[in-house]
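Everything below concerns the one structure shown next.
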Amino acid sequence: MSFQAYSPGVVDCNSDVDLANVKGRTVIVTGGAKGMGEDGVRAFVAAGAFVTFGDTDTVSGEKLARELGVNANFVRCDVTSWEDQLAMFKSAEAGSSKKAIDIVVANAGISGPDEAFNIEDEHVLNEVITSAIDSDEPSKPLLKILHIDLIGVIYTLKLARHYFMKHPLDAHHDRCFIMNGSLVGFLDVPGIPQYMASKWGCRALMRCVRRTTIVDGVRINLTGPWYVGTTILSPAVQEYCKSKNIVFAESADAAAAWLRIASNPNINGRSFAIVPREIASSGYFDIGKDDYDEGDLFNELQDILLRTSHRLQVKASDQ
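Quick note on my numbering: the sequence shown kicks off at 112 and runs consecutively.
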(Lines of atoms letter the chains of each structure in order from A and count residues from 1; the text may use other names and numbers.)
(Lines give C-alpha, C1' and ligand atoms only; values in the text may rest on other atoms or scores of the structure.)
Protein backbone atom coordinates (compact mmCIF):
# COMPACT_ATOMS: atom_id res chain seq x y z
CA MET A 1 0.00 0.00 0.00
CA SER A 2 1.30 3.48 -0.85
CA PHE A 3 1.20 6.23 1.75
CA GLN A 4 1.17 9.99 1.44
CA ALA A 5 4.49 11.81 1.79
CA TYR A 6 4.81 14.85 4.04
CA SER A 7 3.73 17.99 2.24
CA PRO A 8 4.02 21.51 3.73
CA GLY A 9 0.83 23.51 4.12
CA VAL A 10 -0.60 25.59 6.96
CA VAL A 11 -3.80 24.19 8.49
CA ASP A 12 -6.88 26.44 8.71
CA CYS A 13 -7.84 26.22 12.38
CA ASN A 14 -11.10 28.14 11.98
CA SER A 15 -12.81 25.68 9.65
CA ASP A 16 -15.42 23.22 10.90
CA VAL A 17 -14.23 19.97 12.48
CA ASP A 18 -15.87 16.73 11.33
CA LEU A 19 -15.59 14.24 14.19
CA ALA A 20 -16.71 11.26 12.10
CA ASN A 21 -13.09 10.11 11.90
CA VAL A 22 -12.87 10.06 15.70
CA LYS A 23 -16.07 8.18 16.50
CA GLY A 24 -15.35 4.52 17.18
CA ARG A 25 -11.59 5.03 17.30
CA THR A 26 -9.36 3.65 20.05
CA VAL A 27 -7.34 6.39 21.75
CA ILE A 28 -4.52 6.45 24.30
CA VAL A 29 -3.70 9.57 26.34
CA THR A 30 -0.75 9.70 28.73
CA GLY A 31 -1.01 12.00 31.72
CA GLY A 32 -4.77 11.89 31.32
CA ALA A 33 -6.04 12.24 34.89
CA LYS A 34 -5.74 16.01 35.22
CA GLY A 35 -5.19 19.22 33.28
CA MET A 36 -4.95 19.16 29.49
CA GLY A 37 -4.86 15.38 29.52
CA GLU A 38 -8.16 15.19 31.37
CA ASP A 39 -9.75 17.64 28.94
CA GLY A 40 -8.46 15.50 26.09
CA VAL A 41 -9.88 12.31 27.59
CA ARG A 42 -13.26 13.99 28.06
CA ALA A 43 -13.25 15.39 24.53
CA PHE A 44 -12.39 12.09 22.85
CA VAL A 45 -14.99 10.17 24.87
CA ALA A 46 -17.61 12.82 24.03
CA ALA A 47 -16.70 12.38 20.35
CA GLY A 48 -17.48 8.66 20.57
CA ALA A 49 -13.99 7.19 20.99
CA PHE A 50 -12.86 4.48 23.40
CA VAL A 51 -10.12 6.07 25.51
CA THR A 52 -7.46 4.40 27.62
CA PHE A 53 -5.55 6.91 29.68
CA GLY A 54 -2.58 6.57 31.97
CA ASP A 55 -1.39 8.60 34.93
CA THR A 56 0.44 8.15 38.23
CA ASP A 57 -2.49 9.81 40.05
CA THR A 58 -4.66 6.75 40.60
CA VAL A 59 -7.27 8.57 42.70
CA SER A 60 -8.03 11.17 40.02
CA GLY A 61 -7.69 8.64 37.21
CA GLU A 62 -10.09 6.10 38.67
CA LYS A 63 -12.57 8.84 39.56
CA LEU A 64 -12.54 10.18 36.00
CA ALA A 65 -12.95 6.70 34.51
CA ARG A 66 -15.98 6.03 36.74
CA GLU A 67 -17.52 9.34 35.73
CA LEU A 68 -17.08 8.79 31.99
CA GLY A 69 -18.27 5.19 31.96
CA VAL A 70 -17.52 2.25 29.68
CA ASN A 71 -15.67 4.25 27.03
CA ALA A 72 -12.97 5.33 29.48
CA ASN A 73 -10.32 2.94 30.75
CA PHE A 74 -7.77 4.07 33.34
CA VAL A 75 -4.40 2.36 33.76
CA ARG A 76 -1.84 3.48 36.31
CA CYS A 77 1.21 4.42 34.26
CA ASP A 78 4.55 6.05 34.97
CA VAL A 79 5.73 7.05 31.49
CA THR A 80 9.38 6.62 32.51
CA SER A 81 8.64 2.90 32.90
CA TRP A 82 8.66 0.93 29.65
CA GLU A 83 6.80 -1.86 31.41
CA ASP A 84 4.04 0.50 32.60
CA GLN A 85 3.57 1.92 29.13
CA LEU A 86 3.54 -1.52 27.52
CA ALA A 87 0.85 -2.62 29.98
CA MET A 88 -1.19 0.49 29.11
CA PHE A 89 -1.03 -0.28 25.38
CA LYS A 90 -1.96 -3.91 25.98
CA SER A 91 -4.95 -2.80 28.06
CA ALA A 92 -6.04 -0.36 25.35
CA GLU A 93 -5.86 -3.03 22.66
CA ALA A 94 -7.70 -5.58 24.79
CA GLY A 95 -10.48 -3.11 25.62
CA SER A 96 -10.92 -1.95 22.04
CA SER A 97 -13.88 -3.40 20.15
CA LYS A 98 -11.59 -3.56 17.08
CA LYS A 99 -8.56 -4.81 19.03
CA ALA A 100 -6.63 -1.98 17.40
CA ILE A 101 -5.16 1.38 18.45
CA ASP A 102 -5.73 4.41 16.21
CA ILE A 103 -4.74 7.60 18.04
CA VAL A 104 -2.07 8.18 20.69
CA VAL A 105 -1.58 11.45 22.56
CA ALA A 106 1.76 11.73 24.40
CA ASN A 107 0.72 14.36 26.90
CA ALA A 108 2.38 13.43 30.20
CA GLY A 109 4.88 16.02 31.37
CA ILE A 110 6.23 17.92 34.35
CA SER A 111 8.09 21.13 35.04
CA GLY A 112 9.76 22.60 38.13
CA PRO A 113 13.21 23.52 39.46
CA ASP A 114 15.94 22.14 37.22
CA GLU A 115 18.92 20.50 38.91
CA ALA A 116 20.87 20.61 35.65
CA PHE A 117 20.93 24.40 36.03
CA ASN A 118 20.53 25.20 39.72
CA ILE A 119 23.65 24.84 41.81
CA GLU A 120 22.88 23.15 45.13
CA ASP A 121 19.34 24.57 45.14
CA GLU A 122 20.44 28.19 44.83
CA HIS A 123 18.05 30.19 42.65
CA VAL A 124 19.27 33.77 42.77
CA LEU A 125 22.04 34.54 40.31
CA ASN A 126 24.55 36.05 42.75
CA GLU A 127 23.92 33.21 45.21
CA VAL A 128 24.46 30.68 42.43
CA ILE A 129 27.81 32.27 41.61
CA THR A 130 28.82 32.28 45.28
CA SER A 131 27.74 28.66 45.70
CA ALA A 132 29.69 27.63 42.61
CA ILE A 133 32.83 29.23 44.00
CA ASP A 134 32.46 27.81 47.51
CA SER A 135 31.49 24.24 46.54
CA ASP A 136 34.30 21.72 45.99
CA GLU A 137 32.26 19.64 43.58
CA PRO A 138 28.68 19.59 42.30
CA SER A 139 26.16 16.89 43.07
CA LYS A 140 24.83 14.72 40.27
CA PRO A 141 21.61 16.30 38.94
CA LEU A 142 18.34 14.45 38.86
CA LEU A 143 17.06 14.34 35.27
CA LYS A 144 13.43 13.54 36.09
CA ILE A 145 12.08 16.30 33.83
CA LEU A 146 14.04 14.96 30.86
CA HIS A 147 13.03 11.37 31.60
CA ILE A 148 9.31 12.18 31.75
CA ASP A 149 9.07 14.90 29.11
CA LEU A 150 11.27 13.34 26.41
CA ILE A 151 12.38 9.77 27.17
CA GLY A 152 8.81 8.90 28.15
CA VAL A 153 7.56 10.36 24.86
CA ILE A 154 10.08 8.26 22.92
CA TYR A 155 8.78 5.16 24.71
CA THR A 156 5.22 6.16 23.79
CA LEU A 157 6.19 6.72 20.16
CA LYS A 158 7.96 3.37 19.91
CA LEU A 159 4.93 1.55 21.29
CA ALA A 160 2.47 3.53 19.19
CA ARG A 161 4.27 2.70 15.93
CA HIS A 162 4.33 -0.99 16.85
CA TYR A 163 0.63 -1.14 17.63
CA PHE A 164 -0.33 1.02 14.65
CA MET A 165 1.38 -1.45 12.32
CA LYS A 166 -0.74 -4.32 13.60
CA HIS A 167 -3.75 -3.13 11.61
CA PRO A 168 -4.26 -1.75 8.10
CA LEU A 169 -4.57 1.96 7.45
CA ASP A 170 -8.06 2.25 5.99
CA ALA A 171 -11.44 3.88 6.55
CA HIS A 172 -11.81 2.02 9.85
CA HIS A 173 -8.34 2.65 11.30
CA ASP A 174 -5.90 5.50 11.78
CA ARG A 175 -2.24 5.88 12.70
CA CYS A 176 -2.22 9.25 14.43
CA PHE A 177 0.43 10.28 16.96
CA ILE A 178 0.14 13.62 18.79
CA MET A 179 2.67 15.10 21.21
CA ASN A 180 1.80 17.84 23.66
CA GLY A 181 5.01 19.86 23.78
CA SER A 182 5.31 23.55 24.60
CA LEU A 183 5.97 26.89 22.96
CA VAL A 184 9.25 26.61 24.87
CA GLY A 185 10.18 24.39 21.91
CA PHE A 186 10.15 27.52 19.76
CA LEU A 187 11.28 30.23 22.18
CA ASP A 188 14.19 31.02 24.53
CA VAL A 189 13.55 30.63 28.26
CA PRO A 190 16.46 30.86 30.73
CA GLY A 191 16.95 28.52 33.67
CA ILE A 192 15.09 25.43 32.43
CA PRO A 193 17.53 23.40 30.31
CA GLN A 194 15.86 20.01 30.86
CA TYR A 195 12.37 21.26 30.10
CA MET A 196 13.52 23.27 27.11
CA ALA A 197 15.64 20.43 25.71
CA SER A 198 12.69 18.06 26.12
CA LYS A 199 10.28 20.31 24.25
CA TRP A 200 12.75 21.01 21.45
CA GLY A 201 13.29 17.25 21.42
CA CYS A 202 9.58 16.63 20.87
CA ARG A 203 9.67 19.07 17.98
CA ALA A 204 12.65 17.16 16.57
CA LEU A 205 10.74 13.88 16.86
CA MET A 206 7.87 15.39 14.90
CA ARG A 207 10.16 16.66 12.14
CA CYS A 208 11.90 13.28 11.93
CA VAL A 209 8.86 11.02 11.91
CA ARG A 210 6.81 13.16 9.51
CA ARG A 211 9.34 12.24 6.82
CA THR A 212 8.65 8.51 7.16
CA THR A 213 4.87 8.77 6.81
CA ILE A 214 5.38 7.77 3.18
CA VAL A 215 6.90 4.50 4.44
CA ASP A 216 4.55 3.50 7.26
CA GLY A 217 1.50 5.80 7.14
CA VAL A 218 2.09 7.08 10.68
CA ARG A 219 1.25 10.77 10.86
CA ILE A 220 2.66 12.87 13.65
CA ASN A 221 1.81 16.34 14.95
CA LEU A 222 2.75 18.58 17.85
CA THR A 223 0.84 20.97 20.08
CA GLY A 224 2.74 23.67 21.95
CA PRO A 225 0.82 25.35 24.77
CA TRP A 226 1.51 28.85 26.06
CA TYR A 227 1.01 29.33 29.81
CA VAL A 228 -1.96 27.22 30.91
CA GLY A 229 -3.33 27.26 34.45
CA THR A 230 -2.92 23.56 35.24
CA THR A 231 -1.03 21.74 37.98
CA ILE A 232 2.16 21.71 35.87
CA LEU A 233 2.56 25.26 37.22
CA SER A 234 2.66 25.63 41.00
CA PRO A 235 0.25 28.13 42.61
CA ALA A 236 3.21 30.41 43.32
CA VAL A 237 4.30 30.36 39.66
CA GLN A 238 0.75 31.01 38.49
CA GLU A 239 0.46 33.99 40.82
CA TYR A 240 3.81 35.31 39.63
CA CYS A 241 2.68 35.06 35.99
CA LYS A 242 -0.55 36.86 36.79
CA SER A 243 1.42 39.62 38.50
CA LYS A 244 3.20 40.11 35.15
CA ASN A 245 -0.18 40.39 33.39
CA ILE A 246 0.24 37.06 31.62
CA VAL A 247 -2.97 35.88 29.96
CA PHE A 248 -3.33 32.10 30.18
CA ALA A 249 -4.44 29.81 27.37
CA GLU A 250 -7.35 27.43 28.00
CA SER A 251 -6.69 23.78 28.72
CA ALA A 252 -9.76 22.75 26.74
CA ASP A 253 -8.34 24.40 23.61
CA ALA A 254 -5.46 21.92 23.62
CA ALA A 255 -8.04 19.13 23.57
CA ALA A 256 -9.85 20.89 20.71
CA ALA A 257 -6.61 21.00 18.72
CA TRP A 258 -6.09 17.27 19.31
CA LEU A 259 -9.59 16.58 18.00
CA ARG A 260 -8.93 18.62 14.86
CA ILE A 261 -5.69 16.73 14.22
CA ALA A 262 -7.30 13.34 14.86
CA SER A 263 -10.35 14.13 12.73
CA ASN A 264 -8.42 15.02 9.57
CA PRO A 265 -6.21 12.25 8.14
CA ASN A 266 -4.42 14.80 5.95
CA ILE A 267 -2.92 16.73 8.87
CA ASN A 268 0.67 15.59 9.27
CA GLY A 269 3.93 17.16 10.39
CA ARG A 270 2.41 20.32 11.82
CA SER A 271 2.95 22.25 15.06
CA PHE A 272 0.04 24.07 16.69
CA ALA A 273 0.30 26.82 19.31
CA ILE A 274 -2.24 26.72 22.14
CA VAL A 275 -2.78 30.38 22.97
CA PRO A 276 -5.22 32.80 24.64
CA ARG A 277 -8.42 33.40 22.67
CA GLU A 278 -7.43 37.05 22.23
CA ILE A 279 -4.58 35.83 19.99
CA ALA A 280 -6.53 33.18 18.07
CA SER A 281 -10.31 32.87 18.15
CA SER A 282 -10.16 29.07 18.29
CA GLY A 283 -7.51 29.08 21.02
CA TYR A 284 -4.91 27.51 18.72
CA PHE A 285 -3.24 28.01 15.34
CA ASP A 286 -0.76 26.34 13.00
CA ILE A 287 2.64 27.83 13.88
CA GLY A 288 4.12 27.35 10.42
CA LYS A 289 7.76 27.52 11.57
CA ASP A 290 8.94 24.03 10.61
CA ASP A 291 9.57 24.49 6.89
CA TYR A 292 11.88 26.67 4.80
CA ASP A 293 11.01 28.85 1.81
CA GLU A 294 12.14 28.16 -1.73
CA GLY A 295 15.55 29.75 -2.29
CA ASP A 296 16.47 29.54 1.39
CA LEU A 297 19.84 27.84 1.94
CA PHE A 298 18.33 25.62 4.61
CA ASN A 299 15.65 24.48 2.18
CA GLU A 300 18.42 23.37 -0.18
CA LEU A 301 20.28 21.62 2.64
CA GLN A 302 17.03 19.95 3.71
CA ASP A 303 16.52 18.57 0.20
CA ILE A 304 20.07 17.19 0.19
CA LEU A 305 19.56 15.45 3.53
CA LEU A 306 16.29 13.90 2.38
CA ARG A 307 17.99 12.52 -0.73
CA THR A 308 21.04 11.20 1.11
CA SER A 309 19.61 10.03 4.44
CA HIS A 310 21.01 6.52 4.83
CA ARG A 311 19.09 5.27 7.87
CA LEU A 312 16.25 3.93 5.74
CA GLN A 313 18.47 2.87 2.84
CA VAL A 314 21.44 1.12 4.45
CA LYS A 315 21.20 -2.05 6.56
CA ALA A 316 21.52 -1.32 10.27
CA SER A 317 24.53 -3.64 10.48
CA ASP A 318 26.33 -1.50 7.89
CA GLN A 319 25.60 1.86 9.49
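Glycine included, every Cβ here is placed at the ideal spot set by N, Cα and C.
Close-in-space but distant-in-sequence residues of the same chain around residue i (CB under 7 Å, 5 per side omitted)
i    : result
T324 : F114, Q115, A116, Y117, R330 and N379
E149 : G143 and L175
A101 : Absent from the structure is residue 101, since the part of the chain shown begins at 112 and ends at 430.
S293 : K310, G335 and P336
V128 : L370, R371 and S374
D232 : Any reading at D232 needs caution, since the residue's pLDDT is 49, under 50, leaving its predicted position unreliable; the model's value is listed next. Counting only Cβ-Cβ distances below 7 Å, and skipping sequence neighbours, we find nothing.
A368 : T334, F383, I385 and Y395
V300 : M307
D397 : V121, V122, C124, R381 and F383
Bridge-paired residues (DSSP) for residue i
i    : result
G165 : T141 and V186
R330 : C287
F396 : A384
A219 : According to DSSP, A219 bridges with nothing at all.
A360 : V339
K214 : The sequence given here has Ile at residue 214, not Lys. According to DSSP, which records beta bridges pairwise, I214 is partnered with V138 and C287.
Integer Cβ distance of residue i from residue j, believed to fall under 8 Å
i    : j    : result
Y306 : V190 : Rounded, the Cβ-Cβ distance is 15 Å, inconsistent with contact.
V339 : S362 : 5 Å
V320 : A271 : The pair is not a contact, with the Cβ atoms about 10 Å apart (cut-off 8 Å).
L280 : G312 : Not quite, the Cβ-Cβ distance comes to about 27 Å (not below 8 Å), so this is no contact.
E204 : Y274 : 6 Å
F297 : L268 : In fact, because the Cβ distance is near 20 Å, the residues do not count as touching under 8 Å.
M290 : V264 : 6 Å
G151 : A366 : 4 Å
E389 : V358 : 7 Å
Chain-order list of residues whose beta-carbon lies under 8 Å from that of residue i (same chain, five-residue window excluded)
i    : result
N377 : Q115
F409 : Y403
H234 : Bear in mind that a pLDDT of 48 at H234, under 50, signals an unreliable position, so the number given afterwards is only what the model happens to contain. P224.
D166 : T141, G142, G143, A144, K145, G148, G172, F185, R187, C188 and A219
L130 : A158, G159, L370 and S374
Residues near residue i by beta carbon distance below 6 Å, same chain, minus five either side
i    : result
V133 : A158, A160, A373 and S374
P119 : D402
M317 : I331 and L333
E182 : First, the amino acid is wrong: residue 182 is Asn here, not Glu. Result list for N182: V156 and F161, in chain order.
P399 : Reading off the sequence, residue 399 comes out as Gly, not Pro. So the qualifying residues of the chain are V121.
G302 : F228
D364 : I385, G394 and Y395
K277 : none
P252 : E226 and A227
V295 : M307 and K310
D168 : A144
If contact is defined by three or more beta carbon pairs under 8 Å, each pair taking one atom from either stretch, is the region 131-141 in contact with the region 193-208? Touching, per the Cβ criterion.
Report yes or no: do the region 336-352 and the region 211-224 share at least 3 C-beta pairs separated by less than 8 Å? Verdict: yes, contact present.
Check whether the region 331-338 and the region 248-267 are in contact - that is, three or more C-beta pairs closer than 8 Å. By the criterion of at least three beta-carbon pairs nearer than 8 Å, the region 331-338 is not in contact with the region 248-267.
Suppose only complete runs of 4+ residues qualify. What are the alpha helix (DSSP H) ranges in the region 253-307, listed by chain order? For secondary structure counted as the alpha helix (DSSP H) over 4 or more consecutive residues, the region 253-307 holds these complete runs in sequence order: 263-275.
Using 8 Å as the threshold, is the region 151-159 in touch with the region 402-421, meaning 3 or more CB pairs across them? In short, these stretches do not touch, since the Cβ pair count stays below three.
Contact between the region 204-215 and the region 275-295 (3+ Cβ pairs under 8 Å): Between the region 204-215 and the region 275-295 there are three or more inter-stretch CB-CB distances shorter than 8 Å, so the stretches are counted as touching.
With a threshold of 8 Å, are at least 3 pairs of Cβ atoms found where one atom belongs to the region 382-393 and the other to the region 120-129? Yes, the region 382-393 touches the region 120-129.
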